[in-house]
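So the sequence shown is numbered by this note's numbering: it starts at 3 and just counts up by one.
Cβ atoms here follow ideal geometry from the backbone N, Cα and C, with glycine treated the same way.
Take a look at the structure below.
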Amino acid sequence: MSRIGKVPVVIPSGVDVTIDGQTVRVKGPKGDLSQEFSSLAKISKSENSLIVEPVNTSRAARANYGTVRSIIANMVQGVTTPYSKDLLIEGVGFRATVKGDKIDLELGYSHPILHDIPSGVVVTVADNVKIHVESADKQKVGQVAAEIKSYYPVEPYKGKGVRILGEYVRRKEGKKSA
């Protein structure tokens with residue numbers, strides 16, 4: 003049995019949660035999120051908390067309800083305080099700019115990279131090299147940050163590339179001449 007799944011999700015004031023079958027909709031001051039969940043978890047609301055329980059004692063139901071509870075807790079937290087990730091671009095001539103609903107990345111290739119910014123996600127660029135990704139949806143924040151990083155992951159010799167702030171990249175020593 004999941005230990006985290008047994009803990010009820012507390013709904014803070016200012017957040018409205020509605021349950022329609024297996025669809026949970028969370029509205030708050032920083033946005034609203036909606037997601038449909040598996041029928042293996044039973045979601046019920048009581049006063050100011052949500053309780054997630056497995057439908058039966060099958061292995062799949064017991065494995066699933068803790069995940070459902072965690073996703074709902076992330077949704078509730080996201081509509082009160084948005085999730086964010088900071089990225090840093092390192093390299094000579096590497097830079098980023100936001101152009102409407104796209105982020106323009108110049109990462110040393112012969113062409114600029116235009117990456118679409120999904121709806122509900124706010125991307126800001128400071129000093130041409132610091133990218134800030136923010137949204138109420140934790141999954142979207144991580145996905146956008148990972149996609150931007152995948153265009154030029156940090157290489158271990160000079161440290162050039164796009165890194166998530168706080169990420170450790172092991173540096174290698176270059177070839178030595180005799």
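Taking DSSP as the reference, what is the three-state secondary structure of residue i?
{"i": "Lys101", "result": "strand"}
{"i": "Gln186", "result": "Not covered by the structure: residue 186. The range shown for the chain is 3 to 180."}
{"i": "Ala75", "result": "helix"}
{"i": "Gly110", "result": "coil"}
{"i": "Glu136", "result": "strand"}
{"i": "Ile115", "result": "strand"}
{"i": "Thr25", "result": "strand"}
{"i": "Val146", "result": "helix"}
{"i": "Arg173", "result": "coil"}
Find the nearest neighbour of residue i within the set the options, judged by alpha-carbon distance.
{"i": "His113", "options": "Gly80, Gly95, Asn50", "result": "Gly95"}
{"i": "Asn76", "options": "Leu116, Val12, Gln24", "result": "Val12"}
{"i": "Asp139", "options": "Ser41, Lys132, Tyr85", "result": "Tyr85"}
{"i": "Arg165", "options": "Thr25, Arg71, Val131, Glu175", "result": "Val131"}
{"i": "Leu42", "options": "Glu92, Leu52, Gln24", "result": "Gln24"}
{"i": "Gly241", "options": "Asp129, Thr82, Arg61", "result": "Missing from the structure shown is residue 241; the chain here goes from 3 to 180 and no further."}
{"i": "His117", "options": "Gly33, Val171, Asn50, Glu149", "result": "Glu149"}
{"i": "Phe39", "options": "Asn50, Asp22, Leu89, Glu49", "result": "Asp22"}
{"i": "Leu109", "options": "Asp103, Val124, Lys151", "result": "Lys151"}
{"i": "Asn50", "options": "Arg64, Pro14, Val28, Val124", "result": "Pro14"}
Below 8 Å on the Cβ atoms is my guess for residue i versus residue j; work out the distance and round it to an integer in Å.
{"i": "Gly7", "j": "Val54", "result": "6 Å"}
{"i": "Lys87", "j": "Val135", "result": "5 Å"}
{"i": "Lys162", "j": "Gly93", "result": "4 Å"}
{"i": "Leu35", "j": "Gly80", "result": "6 Å"}
{"i": "Leu107", "j": "Tyr159", "result": "Going by Cβ atoms, the distance from Leu107 to Tyr159 rounds to 21 Å, so no, they are not a contact pair."}
{"i": "Gly122", "j": "Gly68", "result": "So it is not a contact: roughly 26 Å between Cβ atoms."}
Given that a residue counts as buried once 16 or more other Cβ atoms are within 10 Å of its Cβ, and exposed if not, what is residue i?
{"i": "Ala147", "result": "buried"}
{"i": "Pro120", "result": "exposed"}
{"i": "Lys142", "result": "buried"}
{"i": "Asn66", "result": "buried"}
{"i": "Pro187", "result": "Look at the range of the chain in this structure, 3 to 180, and you will see that residue 187 is not part of it."}
Between the C-alpha atoms of residue i and residue j, what's the straight-line distance to the nearest angstrom?
{"i": "Gly168", "j": "Thr99", "result": "22 Å"}
{"i": "Ile73", "j": "Ser179", "result": "53 Å"}
{"i": "Ser46", "j": "Pro10", "result": "10 Å"}
{"i": "Thr59", "j": "Lys44", "result": "12 Å"}
{"i": "Val127", "j": "Ile133", "result": "5 Å"}
{"i": "Asp18", "j": "Val26", "result": "11 Å"}
{"i": "Lys177", "j": "Glu157", "result": "15 Å"}
{"i": "Leu90", "j": "Ser48", "result": "43 Å"}
{"i": "Ala62", "j": "Arg71", "result": "15 Å"}
{"i": "Val171", "j": "Lys104", "result": "28 Å"}
{"i": "Asp129", "j": "Arg97", "result": "9 Å"}
{"i": "Gly144", "j": "Ser137", "result": "10 Å"}
{"i": "Val28", "j": "Val124", "result": "19 Å"}
{"i": "Arg5", "j": "Arg64", "result": "10 Å"}
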